[in-house]
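To convert, count from 1 in the sequence shown and add 1478; that's this note's numbering. Beta carbons: idealized from backbone N, C-alpha and C, even for Gly.
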Amino acid sequence: PGTPPAPQGFAQSMADALRGIDARDQEASAQIAAVERGESDDLVGAMLASQQASLSFSMLMQVRNKVVGAVDELIKLQL
């Protein structure tokens, strides 16, 4: 059959996650704008989408901080 896909690197995984979070944020902004213009009455859905985008971004920042901390610890190791 076909060859297996090449494994992604950490940088590519983080970039993909950031793109996904950005898309979620833009979708939430569009939903909130539609509610503000009176085109939609789904305020709860818009607020939930906004909270999901915010939580996703916070989670990504926590992962980034943990990775940076781990790299700092590796740098401090004496070989």
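The beta carbon of R1502 sits closer than 8 Å to the beta carbons of A1527, Q1530, A1531 and S1534 from its chain, once the five residues preceding and following it are set aside; these are given in chain order.
Excluding residues up to 5 positions away in sequence, V1513 lie with their Cβ nearer than 6 Å to the Cβ of L1521 in the same chain. Beyond the five residues adjoining it in sequence on each side, I1499 comes within less than 8 Å, by CB distance, of A1531, S1534, F1535 and L1538 in the same chain, given in chain order. Separation of the CB atoms of A1506 and A1489 is rounded to 26 Å, and the pair is thereby denied contact status at 8 Å.
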